[in-house]
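Residues in the sequence shown are numbered consecutively from 0, following numbering that gives the first Met the number 0.
We put the beta carbon where it would ideally sit given N, CA and C, even for glycine.
Reviewing the structure listed below.
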Amino acid sequence: MKLKLDLHDIYNKGSEIDRALHGIIQEAVRKKATQVEIIPGKGSGQLKKKVLRFLEQKEIKALYHRIDKDAKNHGRLFVYFQWK
């Protein structure tokens, strides 16, 4: 199962971004999704940095397996999960 989160609509609302990121990670854990696609968009890269900082938090990092940045589209991140 793959989930997708597009942050274009809330790019300038910090607390909503955090809520959306927490929500998609928790949904992935609940549904045992294998991949979450997060789209911060291209822009100046500030939103992507915020998303990466969120994903690097110790309690969040423990939930997923790895992160990939899309080679063809730098406005997209993939978070992969492994379930046993």
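Which of helix, strand or coil DSSP assigns to residue i
i   : result
K49 : helix
E26 : helix
E55 : coil
K31 : coil
Bridge partner(s) assigned by DSSP for residue i
i   : result
I66 : V78
E36 : K3 and F77
Continuous beta strand (DSSP E) stretch holding residue i: start and end
i  : result
K1 : K1 to D5
Supposed close pair residue i, residue j - CB separation, criterion 8 Å
i   : j   : result
L6  : P39 : 5 Å
A32 : F80 : 6 Å
L54 : K60 : 7 Å
I16 : I24 : At roughly 13 Å, the Cβ-Cβ gap does not stay under 8 Å, so I16 and I24 are not in contact.
E36 : R75 : 6 Å
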